[in-house]
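Following: one structure in structure tokens, then a few remarks.
Number of protein chains: 2
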Amino acid sequence: MSIKGDVMDESSSPSLLYAVKQVEQVVRARLDAVLRPHGATALQYTALTVLQHRDGMSSAELARNAFVRPQSMADLVSALESRRLVVRVKDAADRKRINVMLTDEGRAFLSACEAEVADLERTMLRDLTDHQVKVLRSALNSCRRSLA
Amino acid sequence: MSIKGDVMDESSSPSLLYAVKQVEQVVRARLDAVLRPHGATALQYTALTVLQHRDGMSSAELARNAFVRPQSMADLVSALESRRLVVRVKDAADRKRINVMLTDEGRAFLSACEAEVADLERTMLRDLTDHQVKVLRSALNSCRRSLA
DNA sequence: CATTGATTAACAGGATTCCTGATAATTATG
DNA sequence: CATAATTATCAGGAATCCTGTTAATCAATG
């Protein structure tokens, strides 16, 4: 009885593009399950965490950061605003720009999910050494940079 | 002028869940761009490559492998069938099962995309040593297994 | 052997996430 | 100043995800 997601395991040296996708798929599924009771999706959560690091980004910036079209991100931000997790604030210095800011509710939401998400990450990394985690992190960042 | 996708770079030790998602996002965008002229999406392509490795999987198996609900995969397979890239064949030994088989067209499609996709992967890994690639691969597989 | 449980496929409806195409306003550039 | 670049928004649509439900088939159990 095989473990889920192992059709193309190490034995067949599959594409690393595929390996990344597999991990992302299982993360997404697991994250969605964690977040659903809180009323959000994995992607929405991701956008919120980005804002947590750099509040006040424009929708266009968020889109670029996520490698999607501006409109895609605008729709996501719109949904977050509907849920009152963010507000959109006209930029004083640049009137065509609208900054996306976390609300207190948004911050509370992130706090509420934090433990479970951290648990998920801990589970994901449980069989890796500290060194492997370090290499993984820098390799992923290298991959992203090379394709960005 | 920052590189796209670097809001939470190494300097702030972000979630590895996020790092995976970032790479997946840029891969998906790049892969979509490569595949669009061929008339398919990154996800459809991924499903086809899985079948390339193990032809005749059922839709339910493909779903499990991809960590999505059966219906989600059924819809994707349905789209692939419409494009004649796969056929669905009743299983002789188990009449409730339908095996998804690559067509010649499906195979030809994969061949047509192969060079460009390989190029993409090469680009992704260009700044990594062989050793780092090796660690990356096994770490990703470990992550997947731990969450599956 | 009959019943129950598990698995597979499919229908239906809907939300989310992605894209393209287009328009308008604002800022940057030469 | 005119043009180019950037931002946001409207519109429409495809793809991808889910939940809920039903029916058929196989597996397990007593």
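As they're listed, the protein sequences go chains A and B.
Counting in the numbering used here, the first sequence tops out at residue 518, every number present.
Counting in the numbering used here, the second sequence tops out at residue 518, every number present.
Just so it is clear, CB atoms sit at the ideal spot from N, CA and C, and this is done for glycine as well.
For this session: Compute the Euclidean distance between the alpha carbons of M371 of chain B and R400 of chain B, then round it to the nearest angstrom.
Result: With a pLDDT of only 37 at M371 of chain B, under the threshold of 50, the placement of this residue in the model should not be trusted, and no figure is reported.
Exercise. What residues in its chain sit with their C-beta under 6 Å from that of Y415 of chain B, if we drop five residues either side in the sequence?
Worked result: L405
For this session: Excluding the 5 residues preceding and the 5 following H408 of chain A in the sequence, name in chain order all residues of the same chain whose CB lies nearer than 8 Å to its CB.
Result: Closer than 8 Å at the Cβ level, and outside the excluded window around H408 of chain A, lie F479, A482 and C483.
Exercise. With C-beta atoms as the reference, is L421 of chain B less than 8 Å away from L490 of chain B?
Worked result: no
Exercise. Which residues share a DSSP beta bridge with K460 of chain B?
Worked result: B:I468
Exercise. What is the C-beta distance between E394 of chain A and K391 of chain B, in whole angstroms, given that I count them as a contact (C-beta under 8 Å)?
Worked result: 6 Å
Exercise. Since R406 of chain A meets chain B, which of its residues come closer than 9 Å, beta carbon to beta carbon?
Worked result: Here the premise fails: no neighbours, minimum Cβ distance about 13 Å.
Problem set entry | S481 of chain B: first and last residue of the uninterrupted alpha helix (DSSP H) it sits in | Where S481 of chain B is concerned, the enclosing alpha helix (DSSP H) stretches over D474 to L495.
For this session: Check whether the Cβ of M371 of chain B lies closer than 8 Å to any Cβ atom in chain A.
Result: Summary for M371 of chain B: the model assigns pLDDT 37, below 50, so the residue's position carries little reliability; its value from the coordinates is reported in the next sentence. Cβ-Cβ to chain A under 8 Å: no for M371 of chain B.
Exercise. V447 of chain B to V438 of chain B, Cα distance in whole Å?
Worked result: 13 Å
Problem set entry | Beta-bridge pairing of M378 of chain B - partner residues as DSSP gives them | DSSP output for M378 of chain B lists no bridge partner at all.
Exercise. So, helix, strand or coil for V438 of chain A, using DSSP?
Worked result: The answer is coil: DSSP assigns V438 of chain A none of H, G, I, E or B.
Problem set entry | DSSP-derived helix/strand/coil call for M371 of chain A | In this predicted model, M371 of chain A has a pLDDT of only 38, less than 50, meaning its place in the structure is not dependable; the value taken from the coordinates is given anyway. Coil at M371 of chain A, not helix or strand.
For this session: Can you pull the chain B residues whose beta carbon is under 8 Å from the beta carbon of L401 of chain A, in chain order?
Result: L387
Problem set entry | Beta-carbon contacts of T419 of chain B that lie in its chain and below 8 Å, excluding the five residues immediately before and after | L480
Exercise. Using a beta-carbon distance below 8 Å, is L418 of chain A in contact with chain B?
Worked result: no
Exercise. Looking at chain B, which residues of the stretch 481-510 of chain A have a Cβ within less than 8 Å of any of its Cβ atoms?
Worked result: V487, L490, E491, T493, M494, L495, R496, D497, L498, Q502, V503, V505, L506, R507, S508, A509 and L510
Exercise. In angstroms, rounded to a whole number, what distance separates the CA positions of D497 of chain B and D464 of chain B?
Worked result: 48 Å
For this session: Give a yes or no on whether the minimum CB-CB distance between G375 of chain B and chain A is below 8 Å.
Result: yes
Exercise. In the DSSP assignment, what residue or residues form a beta bridge with M443 of chain A?
Worked result: Answer by DSSP bridge pairing: none, since M443 of chain A is not bridged.
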